[in-house]
Every structure is written in structure tokens, then in C-alpha cells.
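Residues in the sequence shown are numbered from 434 upward in steps of one, following my numbering. Glycine included, C-beta positions come from ideal geometry on N, C-alpha and C. Inspection log for the structure reproduced underneath, given as C-alpha cells.
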Amino acid sequence: MKIGVIADTHDNMPMIKKAIDIFNSEGCRLVIHAGDYCAPFSLDPFSNLKCKWIGVFGNNDGDKKALAMKSDGLIVDHPYNYELSDKKVVITHEIEDIPDLDESIEGSRYDIIICAHTHKVDIKKKKDTLIVNPGECCGWLYGKSTVAIIDLTKMEAKEIAF
């Protein structure tokens with residue numbers, strides 16, 4: 434099963450639309466947004482996804498109520514614990530907001546940690562935990578738009594730049 438991961442979209446509509454096309458062409462069964470949508474209109478392209486999506490709020494999501502109302506998915510505060518095909522997943526915007534992060538990794542509390550905020554791709558395994566920061570979809574800070582795809586069967590993730 435493939436899971437799409439996106440974050441830091443920051444209202445860049447052309448890049449959001451490209452990311453949605455990537456997730457659809459990759460056959461993702463779920464897309465997870467790790468926060469910083471910004472304005473509610475930036476959710477419009479998500480209606481073109483061929484799968485369910487969920488997400489958490491980021492530090493630049495000011496009007497949470499409007500974002501939640503506009504959403505056709507599920508947007509909640511972070512960190513958010515989620516079970517996915519017997520995998521324990523935590524979704525957060527800032528990885529530092531996960532309580533007892535080091536102990537959680539050492540104790541294998543989570544199979545997958547999805548985070549964002551830095552706008553830099555960071556995909557790694559720590560002990561038995563896959564940590565995925567998809568970087569920035571918007572491309573505003575580093576000039577490179579990225580998302581990630583997680584293969585749940587292999588417990589691996591890859592970056593896709595566009």
C-alpha cells in the first residue's frame with residue numbers, strides 16, 4: 434500500500450495540483466498532510482484526489498475553523514496518533530511536539546513518524562521507526578517542490594521532486 438505525504442503547501446496552488454497528480458498517478462491509497470496549508474482555498478485541489486486524505490494543522494494555519502470546514506478530509510491538531518494497516522503512525526507538524534520523542538523511538542512506540550516544518554526533505558530509519566519529512570510542496574524557501582511516498586509493505590519512503 435502506498436501512502437502520499439505532503440506538507441508546507443503554503444497556498445502554492447500550481448504545486449499543490451502537481452502533487453495531487455503525483456499521488457493519483459502513484460496509486461496512493463491515502464494522503465497525509467503534515468500541516469501549513471495556510472488559506473482554506475488551498476484545500477480545493479484535494480477534492481481531485483482518488484483516495485482519502487487526512488492532515489494536521491501547522492504553525493502557519495491561522496484560521497483553523499475555516500480550514501476544518503472547507504476540508505473534505507480530516508484536519509486535526511498535532512501530534513495525531515493514527516493506526517494504518519497495523520502500523521502505529523504519529524503525524525505532527527513539528528517533530529519536537531511529540532512527547533518523549535527519543536523514548537518513543539527507542540521503545541518502538543511508533544512505526545512511522547510523519548513531520549514537516551523545516552521545509553527540508555528528511556527520510557530516515559531510527560531503530561525500527563521510519564521518519565518522513567516530505568520537505569516543502571510550495572518550493573518557496575528552497576526552490577524545490579517535494580512530496581514523499583511511503584510503501585507500507587516495504588516500510589520505505591522515497592522523495593519525489595517536481
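Between the C-alpha atoms of ILE449 and GLY568, what's the straight-line distance to the nearest angstrom?
-> Taking the first residue of the sequence shown as position 1, residue 449 is located at position 16. Taking the first residue of the sequence shown as position 1, residue 568 is located at position 135. Each residue's Cα considered, the two are about 13 Å apart.
For ASN445, the three-state DSSP class (helix, strand or coil) = Reading the sequence shown from its first residue, position 12 is the one you call residue 445. Note: ASN445 maps to coil in three-state DSSP.
Could you give the DSSP three-state label for PRO532: helix, strand or coil?
-> One-based indexing of the sequence shown puts residue 532 at position 99. For PRO532, the three-state secondary structure derived from DSSP is coil.
Should LEU574 go down as buried or exposed, given a rule of 16 or more other Cβ atoms within 10 Å for buried?
-> Counting from 1 along the sequence shown, the entry for residue 574 is found at position 141. Its Cβ having fewer than 16 others within 10 Å, LEU574 is exposed.
Does the ligand SAH have even one heavy atom less than 8 Å from the beta-carbon of SER504?
-> In the structure on display, the ligand SAH does not appear, and there are no ligands present to speak of.
Integer Cβ distance of ALA590 from VAL565, believed to fall under 8 Å = On the sequence shown, position 157 is the one that residue 590 refers to. On the sequence shown, position 132 is the one that residue 565 refers to. Yes, ALA590 and VAL565 are in contact; Cβ-Cβ is about 5 Å, under 8 Å.
Candidates THR525, ASP561, LYS587, PRO532: closest to ALA440 by CA position = The residue you call residue 440 lines up with position 7 of the sequence shown. Checked all of THR525, ASP561, LYS587, PRO532; the closest Cα to ALA440 is THR525.
Can you tell me the Cβ-Cβ gap for ILE545 and VAL522, rounded? I've got them flagged as a contact below 8 Å.
-> The sequence position of residue 545 within the sequence shown is 112, counting from 1. The sequence position of residue 522 within the sequence shown is 89, counting from 1. So it is a contact: roughly 5 Å between Cβ atoms.
Just the C-alpha distance for VAL509 and THR551, rounded to the nearest angstrom, thanks.
-> Position 76 of the sequence shown, counting from 1, holds the residue named residue 509. Position 118 of the sequence shown, counting from 1, holds the residue named residue 551. Each residue's Cα considered, the two are about 20 Å apart.
Helix or strand or just coil, what does DSSP make of PRO512?
-> Looking up residue 512 in the sequence shown gives position 79. Three-state DSSP puts PRO512 in coil, outside helix and strand.
Just the Cα atoms here: how many angstroms apart are GLY488 and ASP561?
-> If you number the sequence shown from 1, residue 488 lands on position 55. If you number the sequence shown from 1, residue 561 lands on position 128. Take the alpha-carbon of GLY488 and the one of ASP561: they are about 23 Å apart.
Enumerate in chain order the residues of its own chain whose CB-to-CB distance from SER578 is below 6 Å, with the five nearest sequence positions on each side excluded.
-> What you label residue 578 is simply residue 145 of the sequence shown in a count that begins at 1. Non-local C-beta neighbours of SER578 in its own chain, meaning closer than 6 Å and more than five positions away in sequence, comprise MET448, CYS570, GLY572, PHE595, ordered along the chain.
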